[in-house]
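Trainee: My questions all concern the structure below.
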Amino acid sequence: MWDQRYSTLKYAYGTTENDFLRSNIQSIPKGKILSLGEGEGRNAVYLAKAGYSVTAVDSSIVGLNKAKALAKINGVSIEVVHADLTEYDLGENQWDGIISIFCPLPSTIRKSLHTKIQSALKADGAFLVEAYTPEQVLRNTGGGKCVDVFQTKQTLTDELNGLTIQYLAELQRKVIEGSYHTGMSSVVQAIAVKNK
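Throughout the sequence shown, residue numbering follows the UniProt record's numbering, covering 1 to 196 in sequence.
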């Protein structure tokens with residue numbers, strides 16, 4: 001599915017970084033960043049331009065090739081890893097920051113990944129996430145129709161219980177990200193930090 005979506009010359013979700021990430025970049029310590037389900041590279045390139053060392057993981061080789069091209073156009077370098085997030089080893093105490101921007105995963109996979117994220121972050125490392133909530137299924141402005149991949153404040157609180165949540169909100173906001181995320185949207189946003 002993702003290779004097909006990314007197979008056109010146009011960037012499916014645009015080339016501009018996510019608004020929530022841009023507004024909260026100061027919450028992520030400088031250093032090594034892991035971007036989960038990065039797709040075509042817009043967020044990874046933004047972080048690289050801001051001075052971070054970025055590794056972008058995605059299951060779509062087509063998306064990652066576009067990410068490398070976008071990085072080159074912007075004069076930055078990113079590491080890309082073609083991997084399924086069910087099998088990718090995040091490591092331990094390895095990342096200063098991890099981001100997940102509209103990365104739709106089935107709940108069983110997401111729960112396991114959230115556990116791995118807590119181990120993979122360095123002390124004081126931050127996890128920044130924006131995802132659709134179940135209410136999004138009624139909007140038709142992105143995210144598909146599978147409620148199981150959506151998240152809520154409660155799921156994030158439960159699944160990130162080893163981190164200190166510094167910011168957590170469910171809200172309605174206008175999302176303009178390419179042709180697949182366009183319009184008023186129901187989202188959950190969180191920033192969580194690993195204590196020393």
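Beta carbons are placed, not taken as given, at the ideal position from N, Cα and C, and that holds for glycine. Model, not experiment: these values are computed from the prediction.
Taking the straight line between their C-alpha atoms, what separation do you get for K122 and V193?
Mentor: Computed Cα separation, rounded: 9 Å.
Trainee: Checking the sheet assignment: what are the DSSP bridge partners for H181?
Mentor: E177, per the DSSP bridge assignment.
Trainee: Tell me whether I61 is buried or exposed, calling it buried when 16 or more other Cβ atoms sit within 10 Å of its Cβ.
Mentor: That one is exposed.
Trainee: Check whether the Cβ atoms of L171 and V149 sit closer than 9 Å, and answer yes or no.
Mentor: Not closer than 9 Å, so no.
Trainee: Verify whether the separation of the beta carbon atoms of T155 and S107 is less than 9 Å.
Mentor: Taking 9 Å as the Cβ cut-off, T155 and S107 qualify as a contacting pair.
Trainee: Suppose only complete runs of 4+ residues qualify. What are the alpha helix (DSSP H) ranges in the stretch 12-94, listed by chain order?
Mentor: Counting whole runs of 4 or more residues, the stretch 12-94 contains the alpha helix (DSSP H) stretches 19-23, 42-49, 61-73.
Trainee: Hey, how far is the Cα of G143 from the Cα of R22?
Mentor: Looking at the two C-alpha atoms, the distance is approximately 20 Å.
Trainee: Could you give the first and the last residue of the continuous alpha helix (DSSP H) run that contains L156?
Mentor: 153-159 is the span of the alpha helix (DSSP H), which, as asked, contains L156.
Trainee: Which of the three DSSP states, helix, strand or coil, is assigned to L138?
Mentor: If DSSP states are grouped into helix, strand and coil, L138 belongs with the helices.
Trainee: So, does the stretch 113-132 touch the stretch 67-74, judging by three or more C-beta pairs under 8 Å?
Mentor: Judged by Cβ distances under 8 Å, the stretch 113-132 makes no contact with the stretch 67-74, as fewer than three pairs qualify.
Trainee: Is S7 helix, strand or coil when you go by DSSP?
Mentor: Reduced to three states, the DSSP call for S7 is coil.
Trainee: Between the alpha carbons of L47 and T164, how many angstroms are there, rounded?
Mentor: Near 23 Å, if we compare the C-alpha coordinates of T164 and L47.
Trainee: With a CB to CB cut of under 7 Å and the five nearest residues on each side skipped, what residues in its chain are close to H114?
Mentor: Correct list, in chain order: E159, L160.
Trainee: Out of I101, K116, S112, point me to the one whose CA is closest to S35's CA.
Mentor: The candidate whose alpha carbon is nearest that of S35 is I101.
Trainee: May I ask you to verify whether the stretch 15-29 touches the stretch 81-92, counting CB pairs closer than 8 Å and requiring at least 3?
Mentor: Cβ pair count under 8 Å is below three, so no.
Trainee: Can you list, in chain order, the residues of its chain with a C-beta nearer than 7 Å to that of F20? Leave out the 5 residues immediately preceding and following it.
Mentor: Counting only Cβ-Cβ distances below 7 Å, and skipping sequence neighbours, we find E130, Q189.
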